[in-house]
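Worksheet: one structure, shown below.
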Amino acid sequence: MPMSRAVKPLATASRRKVVVFKNASRRMFVLFPFVVGFACPAAAAADARVSEAYGKLPLHFEANRGQTHEDVRFLARGPGFSLFLTPTGAALTLIKPESLARKPAARSRAESRKPVTGSVLRMSFAGANPAARVAGLEELPGKANYFIGNDPAKWRTNVPTYAKVHYREVYPGIDLVYYGKQRQLEYDFVVRPGADPGAIALRFAGADKVEVDDVQGDLVIHTAAGTLRQQKPFIYQEVGGVRKEIPGGYVLTGEHQVGFKVAPHEASRALVIDPVLSYSTYLGGGADDRGRAIAVDADGNAYLTGRTFSPDFPTTAGAFQTTLPGHSAFVTKLNPTGSALVYSTYLGGNNSEVGYGIAVDSAGNAFVTGNTNSSNFPTTPTAVQPTFGGDVSNGGDAFVTQLDAAGSALLYSTYLGGSGLDEGSAIAVDPAGNAYVTGLTQSGNFPTTLGAFQTTPASGSSGFVTKLNPAGSVSLIYSTYLPAGGSGIAVDASGNVYVTGGAGIDFPTTAGAFQTTYGGGIDDGFVAKLDPTGSALVYSTYLGGSGGDVIFGLAVDAAGNAYVTGLTDSTDFPTTMGAFQTTYGGGTFVSDAFVTKLDPTGCALVYSTYLGGSGGEAGFGIAVDSAGNAFVTGETNSSDFPTTATATYGGGSWDAFVTKLDAAGSALVYSTYLGGSGSDAGHAIAVDASADAYVTGFTASGDFPATAGSFQATPAGVSDGFFTIADAFVAKITDVVPPPPPDDQCPPLGVCLPPVVCLPLGVCLPQWPFQ
0 MPMSRAVKPL
10 ATASRRKVVV
20 FKNASRRMFV
30 LFPFVVGFAC
40 PAAAAADARV
50 SEAYGKLPLH
60 FEANRGQTHE
70 DVRFLARGPG
80 FSLFLTPTGA
90 ALTLIKPESL
100 ARKPAARSRA
110 ESRKPVTGSV
120 LRMSFAGANP
130 AARVAGLEEL
140 PGKANYFIGN
150 DPAKWRTNVP
160 TYAKVHYREV
170 YPGIDLVYYG
180 KQRQLEYDFV
190 VRPGADPGAI
200 ALRFAGADKV
210 EVDDVQGDLV
220 IHTAAGTLRQ
230 QKPFIYQEVG
240 GVRKEIPGGY
250 VLTGEHQVGF
260 KVAPHEASRA
270 LVIDPVLSYS
280 TYLGGGADDR
290 GRAIAVDADG
300 NAYLTGRTFS
310 PDFPTTAGAF
320 QTTLPGHSAF
330 VTKLNPTGSA
340 LVYSTYLGGN
350 NSEVGYGIAV
360 DSAGNAFVTG
370 NTNSSNFPTT
380 PTAVQPTFGG
390 DVSNGGDAFV
400 TQLDAAGSAL
410 LYSTYLGGSG
420 LDEGSAIAVD
430 PAGNAYVTGL
440 TQSGNFPTTL
450 GAFQTTPASG
460 SSGFVTKLNP
470 AGSVSLIYST
480 YLPAGGSGIA
490 VDASGNVYVT
500 GGAGIDFPTT
510 AGAFQTTYGG
520 GIDDGFVAKL
530 DPTGSALVYS
540 TYLGGSGGDV
550 IFGLAVDAAG
560 NAYVTGLTDS
570 TDFPTTMGAF
580 QTTYGGGTFV
590 SDAFVTKLDP
600 TGCALVYSTY
610 LGGSGGEAGF
620 GIAVDSAGNA
630 FVTGETNSSD
640 FPTTATATYG
650 GGSWDAFVTK
660 LDAAGSALVY
670 STYLGGSGSD
680 AGHAIAVDAS
690 ADAYVTGFTA
700 SGDFPATAGS
710 FQATPAGVSD
720 GFFTIADAFV
730 AKITDVVPPP
740 PPDDQCPPLG
750 VCLPPVVCLP
760 LGVCLPQWPF
770 Q
């Protein structure tokens with residue numbers, strides 16, 4: 000079957016970010032500069048941990064109830080800063096990095112009395128309304144309490160906190176909203192129809208210098224405590240299917256005073272903003288390393304697994320296995336900023352391993368599956384299968400391992416296989432801690448359970464679905480063959496299991512399913528839903544056309560809709576009316592990626608679309624957010640792969656791509672290449688509660704877009720001109736959508752005013768450690 004590449008793959012983004020606003024009643028024109036942050040020296044590892052823990056707290060705004068100066072209406076505090084909001088502006092107190100970095104144990108008594116140094120930056124709104132109404136929005140459940148001194152009359156209790164602060168009519172027809180995202184301060188100007196964004200004038204007092212970067216167009220504010228940088232806004236509108244850039248940016252209107260210049264625009268059209276590469280890092284040693292799967296926890300830590308040949312692959316002290324025993328799997332946990340490893344460990348025996356799937360539970364325990372060809376792979380005594388069932392010559396067994404939250408111990412680890420080749424491709428975990436694994440088996444004696452859906456193998460290669468109890472011990476809850484190999488797995492709240500992959504002509508389908516007959520070609524994709532006991536199919540359907548089709552990635556939303564991606568060279572692959580791309584984009588001997596959403600019954604497509612240019616594509620990973628947007632990663636060698644805004648091809652033989660498709664499957668929210676001048680591929684993607692995307696894969700590009708301050712900003716692997724040596728990578732793409740205009744823009748009858756203009760300004764505050 001024509002395929003992009005034989006292996007399941009990984010991608011580059013611009014420095015800015017893509018968001019599409021399509022609310023018919025409130026389309027917004029948005030300028031979205033992002034501050035890169037303060038220049039400051041690297042902190043020690045212990046300091047970084049303190050900073051990271053503090054950075055997990057949400058940014059909130061306290062109402063002033065007498066705990067600070069009477070002119071202040073709201074205040075906020077964070078690591079290295081305090082913010083005070085008054086009716087006419089804001090004061091930002093910045094603590095100098097050197098003041099924070101001193102360790103108390105190293106200070107003398109005299110030194111400890113030295114005042115903390117820093118600076119105060121005051122931003123005022125020149126010519127603004129001094130009587131602007133200031134109010135908190137979205138009150139939070141937490142309260143602030145102040146018990147200072149021994150006079151109860153001066154104590155302040157139950158001080159309300161808010162997610163946002165709204166200034167009404169700070170300029171005629173212009174509102175201002177302050178809010179926070181992941182400890183970053185952001186503020187938006189909301190410009191209503193007829194209002195002039197040119198009226199906005201920001202005056203900075205306490206800055207040493209204010210300038211606009213001639214090259215980047217960023218606003219740069221120099222202070223004694225560091226440098227703030229706000230990125231130049233990039234704006235375009237789609238006019239007749241063509242992306243039209245709207246010129247605009249910062250302009251200095253006086254000494255330490257800044258305004259905005261915005262070219263004429265069509266307010267009725269949607270605005271797109273490029274995606275922000277929050278962080279991007281290499282991960283590897285001197286040999287070949289590849290990321291295969293990724294998961295993310297509630298705090299934004301990224302967990303990944305894959306394969307490494309590098310004896311110098313980065314590991315951490317105290318991790319379970321810090322030396323390379325063979326060609327090993329790895330498990331790595333990266334902190335929320337991508338700047339440091341929480342832990343990193345090899346996982347293997349004296350032969351070879353690959354980690355293909357990873358999941359994480361609410362306690363931060365990592366569940367990993369893959370393939371091992373080692374008779375001494377680390378297992379636990381009470382494991383379901385503590386001994387190797389295969390043979391080194393036939394490709395080995397699958398494995399399932401649960402690693403504790405510190406990455407230092409195995410909670411359980413087991414082989415899973417018979418006498419032939421077995422490998423685990425994907426893993427999911429439910430709230431009770433049961434693990435669900437799917438993959439490929441060529442073993443006639445693969446372990447199955449009584450009453451399972453299929454207890455005897457198909458001829459040739461089969462798939463399997465296995466459910467392990469939370470202890471991973473003694474006996475399997477259920478285990479069944481499938482007539483074809485599984486590549487993706489998910490479990491819903493009721494315990495139904497969804498499996499996907501590629502199948503031949505004899506795969507069992509269910510009555511009424513979307514596609515009950517084989518479409519043709521070497522393979523069709525399939526989507527199957529097993530009941531909670533693993534004994535019967537709830538539904539099973541093919542998905543494919545007359546060519547070759549394979550599904551690699553699977554995600555399921557809370558309603559039970561299944562989202563799949565893969566590759567197809569079928570010109571008649573099933574698509575739906577109104578989908579983003581309804582015609583095949585590739586040529587002969589190449590393939591397109593696709594994205595398909597199947598309804599909870601398996602009887603109908605919600606949407607289905609090709610995703611590709613004139614070259615080759617494959618989709619390898621998919622995730623879905625709470626709004627139903629689908630996030631896809633894979634690989635492309637098309638210079639015309641569908642992207643948004645100014646995304647450009649990295650120039651290598653292949654680039655990874657990252658695409659966010661809207662909930663209707665009809666439009667790109669954002670889509671970008673991710674790669675350099677070598678070969679790059681995106682293998683897996685995960686999404687957190689904020690709709691930030693985390694991607695892993697591999698890169699053989701020395702110029703892959705790693706970000707400053709990331710864990711590993713330069714590649715460790717070096718190609719020798721004959722063999723391609725790759726590093727794994729991890730990238731986080733932040734999709735920050737500015738809040739909509741306040742509700743009070745709508746008159747009582749509920750008819751919204753015409754489209755507004757938003758000028759969002761993100762301020763990335765310093766994250767230095769407190770001691």
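If you read the sequence shown in numbering that gives the first Met the number 0, its first letter stands for residue 0, the second for the next number, and so on. All residues carry an ideal CB built from backbone N, CA and C; glycine is no exception.
With a Cβ-Cβ cutoff of 8 angstroms, do residue 686 and residue 680 count as a contact?
-> Here the question's residue 686 lines up with position 687 in the sequence shown. Here the question's residue 680 lines up with position 681 in the sequence shown. Note that the C-beta distance between residue 686 and residue 680 is not below 8 angstroms.
How would you call residue 250, buried or exposed, if buried means at least 16 neighbouring beta carbons within 10 angstroms?
-> Position 251 of the sequence shown, counted from the start, is the residue given in the question as residue 250. With fewer than 16 Cβ atoms within 10 Å of its Cβ, residue 250 is classed as exposed.
In the DSSP assignment, what are the bridge partners of residue 64?
-> As a working note, residue 64 is residue 65 in the sequence shown. Answer is none; residue 64 lacks a bridge partner.
Segment contact flag, the region 401–410 with the region 456–465, C-beta cutoff 8 angstroms, min 3 pairs = no
Looking at C-beta atoms only, is the number of pairs between the region 375–385 and the region 447–454 that lie closer than 8 angstroms three or more?
-> As far as the Cβ criterion goes, the region 375–385 does not touch the region 447–454, which means the pair count is below three.
Buried or exposed: which applies to residue 704, given that a residue is buried once 16 or more other Cβ atoms fall within 10 Å of its Cβ?
-> In the sequence shown, residue 704 corresponds to position 705, counting from 1. Burial call: buried.
Which of helix, strand or coil does DSSP assign to residue 560?
-> Translated into the one-based positions of the sequence shown, residue 560 becomes position 561. Looking at residue 560 - three-state DSSP - the assignment turns out to be coil, as it is neither helix nor strand.
Run of the beta strand (DSSP E) containing residue 634, from where it starts to where it stops = Here residue 634 corresponds to residue number 635 of the sequence shown, with the count starting at 1. Its beta strand (DSSP E) spans residues 629–635.
With DSSP run on the structure shown, which of helix, strand or coil describes residue 524?
-> Here residue 524 refers to the residue found at position 525 when the sequence shown is read from its first residue. If DSSP states are grouped into helix, strand and coil, residue 524 belongs with the strands.
Exposed or buried, residue 291, counting other C-beta atoms within 10 Å across all chains shown (16 or more means buried)?
-> Position 292 of the sequence shown, counted from the start, is the residue given in the question as residue 291. Residue 291 is buried by the Cβ-count criterion.
One or two residues paired with residue 142 in a DSSP bridge = Residue 142 sits at position 143 when you count from the first residue of the sequence shown. According to DSSP, which records beta bridges pairwise, residue 142 is partnered with 159.
Go through its chain and collect everything with a Cβ distance to residue 662's Cβ below 7 angstroms, but skip five positions before and after it.
-> The sequence position of residue 662 within the sequence shown is 663, counting from 1. Cβ neighbours of residue 662 beyond the five flanking positions: 626, 627 and 628.
Taking three-plus beta-carbon pairs below 8 angstroms as touching, is the region 147–161 in contact with the region 116–133?
-> Counting Cβ pairs under 8 angstroms, fewer than three are found: no touch.
Length of the line joining the Cα atoms of residue 337 and residue 278 | Along the sequence shown, read from residue 1 onward, the residue named residue 337 stands at position 338. Along the sequence shown, read from residue 1 onward, the residue named residue 278 stands at position 279. In this structure, the CA atom of residue 337 is about 6 angstroms from the CA atom of residue 278.
What's the C-alpha gap between residue 564 and residue 487?
-> Mapped onto the sequence shown, residue 564 falls at position 565. Mapped onto the sequence shown, residue 487 falls at position 488. C-alpha separation (whole angstroms): 10 angstroms.
Closest by C-alpha distance to residue 491, when choosing among 297, 397, 560 and 73 | Locating residue 491 in the sequence shown gives position 492, where the first residue counts as 1. Among 297, 397, 560 and 73, the Cα nearest to that of residue 491 is on 560.
Cut-off 6 angstroms between Cβ atoms - residues of its own chain near residue 453, not counting five sequence neighbours on either side | Start at 1 with the first residue of the sequence shown, and residue 453 comes out as number 454. Excluding sequence neighbours, residue 453 sits near 479 and 480.
Considering residue 370, what are the terminal residues of the beta strand (DSSP E) in which it resides?
-> Here the question's residue 370 lines up with position 371 in the sequence shown. That run of the beta strand (DSSP E) goes 365–371.
Give the straight-line distance between the Cα atoms of residue 477 and residue 624, rounded to the nearest whole angstrom.
-> Locating residue 477 in the sequence shown gives position 478, where the first residue counts as 1. Locating residue 624 in the sequence shown gives position 625, where the first residue counts as 1. If you take the alpha carbons of residue 477 and residue 624, they lie about 30 angstroms apart.
Among residues of its own chain, excluding the 5 on either side of residue 509, which ones have a beta-carbon nearer than 6 angstroms to its beta-carbon?
-> On the sequence shown, position 510 is the one that residue 509 refers to. So the list reads 536, 538 and 539, once near-sequence residues are dropped.
Taking the C-alpha atoms as reference points, what is the distance between residue 653 and residue 205?
-> Residue 653 sits at position 654 when you count from the first residue of the sequence shown. Residue 205 sits at position 206 when you count from the first residue of the sequence shown. Rounded to the nearest angstrom, the two C-alpha atoms are 49 angstroms apart.
Looking at the unbroken beta strand (DSSP E) that takes in residue 289, where does it start and where does it end?
-> Counted from its first residue, the sequence shown places residue 289 at position 290. Segment 288–295, the beta strand (DSSP E) holding residue 289.
To which residues of the same chain is residue 246 closer than 7 angstroms at the C-beta, ignoring the five residues directly before and after it?
-> In the sequence shown, the residue the question calls residue 246 occupies position 247. Taken in chain order, the residues that qualify are 262.
Hey, residue 324 and residue 347: beta-carbon distance below 8 angstroms or not?
-> In the sequence shown, counting from the first residue as 1, residue 324 sits at position 325. In the sequence shown, counting from the first residue as 1, residue 347 sits at position 348. Closer than 8 angstroms, so yes.
Which word fits residue 759, buried or exposed, when buried means at least 16 other C-beta atoms lie within 10 angstroms of its C-beta?
-> In the sequence shown, the residue the question calls residue 759 occupies position 760. With a pLDDT of only 45 at residue 759, under 50, the local geometry of the prediction cannot be trusted, and no value is derived from it.
Would you call residue 362 buried or exposed, if buried means 16 or more other Cβ atoms sit within 10 Å of its Cβ?
-> For the purposes of this step, residue 362 is taken as the residue at position 363 of the sequence shown. Its Cβ having fewer than 16 others within 10 Å, residue 362 is exposed.
Is residue 304 helix, strand or coil by DSSP?
-> Counting from one through the sequence shown, the residue named residue 304 turns up at place 305. Residue 304 falls in the strand class under three-state DSSP.
Proximity to residue 305 [Cα-Cα], best of 668, 343 and 396 = The residue given as residue 305 occupies position 306 in the sequence shown. That would be 343, whose Cα lies nearest to the Cα of residue 305.
Taking C-alpha atoms, which residue in 511, 63 and 593 lies nearest to residue 160?
-> Residue numbering aside, residue 160 sits at position 161 when the sequence shown is read from its first letter. Comparing Cα positions, the closest option is 63.
What do you reckon, are the CB atoms on residue 67 and residue 129 nearer than 8 angstroms?
-> By one-based count along the sequence shown, residue 67 stands at place 68. By one-based count along the sequence shown, residue 129 stands at place 130. Contact: no.
Within-8 angstroms CB hit, residue 336 to chain B | Annotation note: the requested chain B is absent from the structure, which comprises a single protein chain.
Along the chain, where does the beta strand (DSSP E) that runs through residue 640 open and close?
-> Position 641 of the sequence shown, counted from the first residue, corresponds to residue 640. From DSSP, residue 640 is part of no beta strand (DSSP E); its letter is neither H nor E.
From the DSSP output, in three-state form, read off residue 71 for me.
-> Here residue 71 refers to the residue found at position 72 of the sequence shown. Coil at residue 71, not helix or strand.
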